[in-house]
Every structure is written in structure tokens, then in C-alpha cells.
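As C-alpha cells, the structure follows; a few thoughts come after it.
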Amino acid sequence: MTELSARPAFSLSSTAQSGAANYPGLDVWRDLPVSQQPSWQDKDVFDASVGELSVLPPLVFAGEVDVLRERLAAAAEGKAFLLQGGDCAETFEAATADKISARVKTILQMAVVLTYGAAMPVIKMGRMAGQFAKPRSSNDETRDGVTLPAYRGDIVNGYEFTPESRGHDAARLLKAYHTSASTLNLIRAFTQGGFADLRSVHQWNKGFTENPAHARYESLARDIDRAIKFMASCGADFEALKRVEFFASHEALLLDYERALTRIDSRTGFPYDTSAHFLWIGERTRELDHAHVDFLSRVRNPIGVKLGPSTTGDDALRLIDKLDPEREPGRLTFITRMGAGNIRKKLPAIVEKVTASGAKVLWVTDPMHGNTVTSPNGYKTRNFDDVIDEVRGFFEVHQALGTVPGGLHVEMTGDDVAECLGGADPVDQESFLDKYESVCDPRLNHMQSLEMAFLVAGALAKH
Ligand code: PEP
Ligand code: MN
Numbered sequence: 007m008t009e010l011s012a013r014p015a016f017s018l019s020s021t022a023q024s025g026a027a028n029y030p031g032l033d034v035w036r037d038l039p040v041s042q043q044p045s046w047q048d049k050d051v052f053d054a055s056v057g058e059l060s061v062l063p064p065l066v067f068a069g070e071v072d073v074l075r076e077r078l079a080a081a082a083e084g085k086a087f088l089l090q091g092g093d094c095a096e097t098f099e100a101a102t103a104d105k106i107s108a109r110v111k112t113i114l115q116m117a118v119v120l121t122y123g124a125a126m127p128v129i130k131m132g133r134m135a136g137q138f139a140k141p142r143s144s145n146d147e148t149r150d151g152v153t154l155p156a157y158r159g160d161i162v163n164g165y166e167f168t169p170e171s172r173g174h175d176a177a178r179l180l181k182a183y184h185t186s187a188s189t190l191n192l193i194r195a196f197t198q199g200g201f202a203d204l205r206s207v208h209q210w211n212k213g214f215t216e217n218p219a220h221a222r223y224e225s226l227a228r229d230i231d232r233a234i235k236f237m238a239s240c241g242a243d244f245e246a247l248k249r250v251e252f253f254a255s256h257e258a259l260l261l262d263y264e265r266a267l268t269r270i271d272s273r274t275g276f277p278y279d280t281s282a283h284f285l286w287i288g289e290r291t292r293e294l295d296h297a298h299v300d301f302l303s304r305v306r307n308p309i310g311v312k313l314g315p316s317t318t319g320d321d322a323l324r325l326i327d328k329l330d331p332e333r334e335p336g337r338l339t340f341i342t343r344m345g346a347g348n349i350r351k352k353l354p355a356i357v358e359k360v361t362a363s364g365a366k367v368l369w370v371t372d373p374m375h376g377n378t379v380t381s382p383n384g385y386k387t388r389n390f391d392d393v394i395d396e397v398r399g400f401f402e403v404h405q406a407l408g409t410v411p412g413g414l415h416v417e418m419t420g421d422d423v424a425e426c427l428g429g430a431d432p433v434d435q436e437s438f439l440d441k442y443e444s445v446c447d448p449r450l451n452h453m454q455s456l457e458m459a460f461l462v463a464g465a466l467a468k469h
């Protein structure tokens, strides 16, 4: 957990026109300690941006958010499995049709394999359409003796290492909203307009299994092929399988942005953060009495919390009391990111404590963030084997305790990048020189993502 950064020197008087203007408690966070917030350069730009955000249309609708809560409740019971994936940090520049569709395609491809392995529905969720804000362990970055503010995600500043680009520009809040809207629009078109037809998704997976490096996944691929042929022979309604539910999620880091997009739902009378269906609280901002936990405790969306290796069972119980006092099915997801070397040692005590309390959360593994290393040639990377080992450890722990391993949270892309090491068709560090594109953490590339799905499907089939 990190230092508190200074609070911005001004507050949000201009959101008075927000639909959620006077809802009791929604602004308590403003008086609490808050970390990882920008220091915006220009108060007028900030006021204008937040004022506009607070009257723009919602990006998601309360009814969809409620459906997701039901889906996650099923996952917590072992009747569905969550697949949540996407960039560490989306960028405005990469919000192109090709890159968005490649990512959605890869998630759908992974989901088909996992659905077969788990023999249950897979809830598909992107770290997409809003994943623009990054927590940083240091406020500054120094290169060749020059020190500038750290890159905090496109919603705050630019990645380019110049003073102009690294300044905190509140006009970016609006650009983040509009980029989220166009991304989500394309995702909705893809997943509702026929693109997601199960038979085509299965067909795309053939590109993976035809690669000789993936020969060991052939038999599972053949089983899936047979299952689809069996469905067709039985007269399955493939028309209905052309549409899939797809949910948007991001880390709820910039509280001014999340607050401005919070609306009171006219149907239920409750506040919903309409910037995404699912919001999570990061490992660096999960302090119990601080602003992030307080704000997210007051919106109706399903909420995730990242739990790193320093988490105690008591921390988990206190988070449950604060974020899910009613013990509502599907409300709370714990996304554990312990590291391959820690998962088998640290996770059991936390899960046992939560189980003994009678609370039910959805347990999801993030096998990325506890396994970040620096490659010998200086790139931030992760070893595919460590990532897989953490997933295996997660399944082992839940199997031993009789609890439910309910989902997978990954940083991945649909493109042929080189950012994580290894895999059956291995990525080596030399390929980082021209194929490393991430502006933040290293992602599994298209093939590594599919390979992970095949490996996890194998583990699920045994579970
Ligand atoms: C992330 O998900 O990109 C992230 C920063 O994770 P964590 O909060 O687990 O470190
Ligand atoms: Mn990350």
C-alpha cells in the first residue's frame, strides 16, 4: 500500500446538477484520505469536464448491472465461471476497430474453451471501455537525469516523456468518457450483431490448434468440435447463440470521474456508477477507512477488490462488512493476486476465515500482478509458467478447502505482441525489442491467452 498523494486543492462544486447530487452519503469520500489521485493543472478545465460528465448519458444501464450481479452470484455458487480480461492500461490511440475486435474475439475464443472445460456458462467481461487510470508506486519517473510526473493512464496524462504530455490534464476525463463510449458501442455491436456466433468462434480456435506447437491441446479441441457437431445434430438453436452478454469493467481509481458518472436509477432509487458494469478497487487503494472503499460501498454495482500477499483474513472480513453488509449474492468479488510462490501459502487462511464467517464472495484469480519481473534486457515482464502456476495453485487451494474457484482475471490482448515470456510457441526477450507495446504491465498475447484457456479448461474439467 502506498503513500497518500496530496488531495487536489479544490473540490467539486460544479457537480450540483448531477442526477445523484444529494444522495445521502455519496460524497462522504471527499472528507476521507485518498491516494493515487491526480493533481490537475487547471481548476477551470477540471470543473468544466466534471460538470459535463455529470450530465452526459450513462455508459451502462442499471438493469444490465443487476443482471451481472445475478451472474456473479451464480459464479460464487460454482454454477458459472468469470473470465475478465483486457489491457493493463487502455490507451486512446489503441481504441481502434481492429484492436478492439481482436481483443473481444480472443476473449470469446477463450470463453468457448472454458465453457467446455467447466461445463458451465462463462461470464465474459472486458477490462475494456474505461480502463484508463493507473495507480503508480512512484509519483515521478526519471530518465537520463530528467524527472517528470509518472504516467498515470490516458485519463490523466500522456505516455510520451515530455513535460507537456506528463502534465495532469482534466480535459482527458472527457476524452476517456467518449473513448469508452465508442469502445463499448463496438463491443455491443460485435456481441449482439452476429459476430459472436459460437460456430465462428470455434472456427477461429482452429488457427491455434493447427500450430504444431499446440499439438498437446488437439484432443481437447477435438472434443469441443464433437460437442458442437453434437449440438448441431440435436438441432440446437445456433441463432440464439449468435448473441452473447459482455460486460465492461475497470479499476475505479479516479473518484471524481466515477462520482460524476454516478446516477440514481429511477426504477430502484439507488445510485449506480454508470461508467462500467463492474468496478474494482486496486491493491493500492483498498484501505478500509479511505475514500475508495467508502465510495464504492455506496453504489449498487458489483464490486471487486484486489487482494495481494499482505492481506490478512481480518482485512478480508472487514472489507466484506463494509462493502457487502447485507451479504448480497454477487455483490462482492475478491480478486487474489498473490504470486505463484505465495498463493498456496497465503490464500488458504484468508479463504478459511471468510468461509467460517458465513459470508459468500466470488473468488477470482489474477495470476498476473503477483508475478511481474524485469527481464535481463530490462523489460517489465511475466513468465507464462509462473502465471499458469498461480492459476493451478488457486484451484488447488479451493479444491482442498471445498470452496469455489470462480474466475480468472488476466491482462491480455488479441494482438501478436511480445510482452510475457514463454508459452508453447515461446516468446523470448529479444522479441520485446520490436513487439513490446504495453504502456504499463505486460499482457499475454493472442496465442498465450488461448493457451491459458486450454490449460485452465483442462484444470476445470478435472475440478
Ligand atoms: C491492475 O489491475 O492493473 C493493477 C494495478 O492491479 P493491482 O491493484 O492488483 O496491483
Ligand atoms: Mn496491471
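Residue numbers (my numbering): 7 to 469.
Where a beta carbon is used, it is the ideal one built from N, C-alpha and C, also for glycine.
Remember, predicted model here, so these are calculated numbers, not experimental data.
One question on the structure: do residue 319 and residue 287 come within less than 9 Å of each other, judged by their Cβ atoms?
The sequence position of residue 319 within the sequence shown is 313, counting from 1. The sequence position of residue 287 within the sequence shown is 281, counting from 1. The answer is no: Cβ separation not under 9 Å.
Can you check which of these residues, 331, 448, 396, is closest to residue 387 by C-alpha distance?
The sequence position of residue 387 within the sequence shown is 381, counting from 1. Checked all of 331, 448, 396; the closest Cα to residue 387 is 448.
For residue 391, tell me which candidate among 455, 341, 442, 369 has the shortest Cα-Cα distance.
For this step, residue 391 is matched to residue 385 along the sequence shown. Taking only the C-alpha atoms, the option nearest residue 391 is 455.
What is the DSSP secondary structure of residue 191, counted as helix, strand or coil?
Position 185 of the sequence shown, counting from 1, holds the residue named residue 191. If DSSP states are grouped into helix, strand and coil, residue 191 belongs with the helices.
Whole beta strand (DSSP E) runs in the segment 324 to 400 with 3 or more residues, listed along the chain?
338 to 342, 368 to 371
Residue 204 and residue 59: beta carbons closer than 9 Å?
Reading the sequence shown from its first residue, position 198 is the one you call residue 204. Reading the sequence shown from its first residue, position 53 is the one you call residue 59. Not a contact, by the Cβ cut-off of 9 Å.
If you check the beta carbons only, do residue 418 and residue 109 fall under 9 Å apart?
Residue numbering aside, residue 418 sits at position 412 when the sequence shown is read from its first letter. Residue numbering aside, residue 109 sits at position 103 when the sequence shown is read from its first letter. At the C-beta level, residue 418 and residue 109 come within 9 Å of one another.
Could you spell out the range, first to last residue, of the beta strand (DSSP E) harbouring residue 313?
By one-based count along the sequence shown, residue 313 stands at place 307. Segment 309 to 313, the beta strand (DSSP E) holding residue 313.
Let me know the alpha helix (DSSP H) ranges lying completely inside the segment 29 to 114, each 4 residues or longer, listed in chain order.
49 to 59, 68 to 82
Give the straight-line distance between the Cα atoms of residue 426 and residue 371, rounded to the nearest whole angstrom.
Sequence index remark: in the sequence shown, residue 426 carries index 420 (1-based). Sequence index remark: in the sequence shown, residue 371 carries index 365 (1-based). If you take the alpha carbons of residue 426 and residue 371, they lie about 18 Å apart.
If you follow the beta strand (DSSP E) that residue 269 is part of, which residue opens it and which one closes it?
Locating residue 269 in the sequence shown gives position 263, where the first residue counts as 1. That run of the beta strand (DSSP E) goes 268 to 270.
Using the Cβ count rule (16 or more neighbours within 10 Å means buried), how would you classify residue 31?
Your numbering for residue 31 matches position 25 in the sequence shown. Burial is judged here by how many other beta carbons sit within 10 angstroms of a residue's own beta carbon; residue 31 has fewer than 16 and is exposed.
For review: beta carbons within less than 5 Å of any heavy atom in ligand 1
94, 288, 289, 312, 343, 375
Given this structure, state the Cα-to-Cα distance separating residue 197 from residue 49, to the nearest angstrom.
Residue mapping note: residue 197 aligns to position 191 of the sequence shown, counting from 1. Residue mapping note: residue 49 aligns to position 43 of the sequence shown, counting from 1. Spanning the two alpha carbons is a distance of roughly 40 Å.
Under 8 Å by Cβ, that's how I've got residue 131 and residue 253 pegged, so tell me the actual separation to the nearest angstrom.
On the sequence shown, residue 131 is found 125 positions in, with the first residue counted as 1. On the sequence shown, residue 253 is found 247 positions in, with the first residue counted as 1. A Cβ-Cβ separation of about 4 Å places residue 131 in contact with residue 253 under the 8 Å criterion.
Provide the residue(s) that pair with residue 255 in DSSP beta bridges, ordered along the chain.
Translated into the one-based positions of the sequence shown, residue 255 becomes position 249. Answer is 284, bridged to residue 255.
Whole angstroms are fine: how far does the CA of residue 436 sit from the CA of residue 171?
Taking the first residue of the sequence shown as position 1, residue 171 is located at position 165. Taking the first residue of the sequence shown as position 1, residue 436 is located at position 430. Going from the Cα of residue 171 to the Cα of residue 436 covers about 29 Å.
When you compare the CB positions of residue 55 and residue 259, do they come within less than 9 Å of one another, or not?
To locate residue 55, count along the sequence shown from 1; it is residue 49. To locate residue 259, count along the sequence shown from 1; it is residue 253. No.
Residue 140 by DSSP, collapsed to three states: which one?
Numbered from its first residue, the sequence shown carries residue 140 at position 134. In the structure shown, residue 140 sits in coil (DSSP, three-state: anything other than H, G, I, E or B).
I believe residue 78 touches residue 339 by the beta-carbon criterion, under 8 Å. Please report the beta-carbon distance rounded to the nearest angstrom.
Counted from its first residue, the sequence shown places residue 78 at position 72. Counted from its first residue, the sequence shown places residue 339 at position 333. Confirmed, Cβ separation roughly 6 Å.
Give the secondary structure of residue 417 by DSSP, where H, G and I count as helix, E and B as strand, and everything else as coil.
Residue mapping note: residue 417 aligns to position 411 of the sequence shown, counting from 1. Three-state DSSP puts residue 417 in a strand.
So residue 279 is in the beta strand (DSSP E); what residue range does that whole segment cover?
By one-based count along the sequence shown, residue 279 stands at place 273. Secondary structure note for residue 279: its beta strand (DSSP E) is the uninterrupted segment 277 to 279.
For residue 447, verify whether its CB is less than 8 Å away from any heavy atom of ligand 2.
Stepping through the sequence shown from its first residue, residue 447 is reached at position 441. Shortest gap from the CB of residue 447 to any heavy atom of ligand 2: under 8 Å.
For residue 149, write down the residues that DSSP places opposite it in a beta bridge.
For the purposes of this step, residue 149 is taken as residue 143 along the sequence shown, with counting starting at 1. The partner list for residue 149 (beta bridge, DSSP) reads 152.
Would you identify the three-state DSSP class for residue 161, choosing helix, strand or coil?
Position 155 of the sequence shown, counted from the first residue, corresponds to residue 161. Here residue 161 sits in coil by DSSP.
Hey, could you find the ends of the beta strand (DSSP E) residue 408 is sitting in?
By 1-based counting over the sequence shown, the position of residue 408 is 402. Residue 408 -> no beta strand (DSSP E), and no H or E assigned at all.
Does the distance from the CB of residue 126 to the CB of residue 82 come in under 9 Å?
Along the sequence shown, read from residue 1 onward, the residue named residue 126 stands at position 120. Along the sequence shown, read from residue 1 onward, the residue named residue 82 stands at position 76. No, these two residues do not count as a Cβ contact at 9 Å.
For my contact list, residue 410 and residue 84 are in at a C-beta cut-off of 8 Å; report their separation, rounded to the angstrom.
Indexing the sequence shown from 1 puts residue 410 at position 404. Indexing the sequence shown from 1 puts residue 84 at position 78. Right, the Cβ-Cβ distance comes to about 4 Å (below 8 Å), so this counts as a contact.
Unbroken alpha helix (DSSP H) run spanning residue 441, endpoints
Taking the sequence shown and counting its residues from 1, the one referred to as residue 441 is at position 435. Counting along the chain, the alpha helix (DSSP H) containing residue 441 begins and ends at 438 to 441.
Looking only at DSSP bridge pairs, what is residue 131 linked to?
Position 125 of the sequence shown, counted from the first residue, corresponds to residue 131. DSSP, once it has assigned bridges, lists 90, 253 as partnering residue 131.
Kindly indicate the opening and closing residues of the alpha helix (DSSP H) around residue 233.
Working through the sequence shown from its first residue, we reach residue 233 at position 227. Note, residue 233: alpha helix (DSSP H), 224 to 239.
Length of the line joining the Cα atoms of residue 337 and residue 57
For this step, residue 337 is matched to residue 331 along the sequence shown. For this step, residue 57 is matched to residue 51 along the sequence shown. Between residue 337 and residue 57, the alpha-carbon positions lie close to 29 Å from each other.
State the DSSP-derived secondary structure class of residue 123, mapped to helix, strand or coil.
Residue mapping note: residue 123 aligns to position 117 of the sequence shown, counting from 1. Helix at residue 123.
Can you tell me the Cβ-Cβ gap for residue 193 and residue 134, rounded? I've got them flagged as a contact below 8 Å.
Position 187 of the sequence shown, counting from 1, holds the residue named residue 193. Position 128 of the sequence shown, counting from 1, holds the residue named residue 134. Correct: roughly 7 Å between the Cβ atoms.
With C-beta atoms as the reference, is residue 289 less than 9 Å away from residue 345?
Here residue 289 refers to the residue found at position 283 when the sequence shown is read from its first residue. Here residue 345 refers to the residue found at position 339 when the sequence shown is read from its first residue. No.
Range covered by the alpha helix (DSSP H) that runs through residue 172
Taking the first residue of the sequence shown as 1, we reach residue 172 at position 166. Looking at the DSSP string, the run of the alpha helix (DSSP H) that includes residue 172 is 169 to 172.
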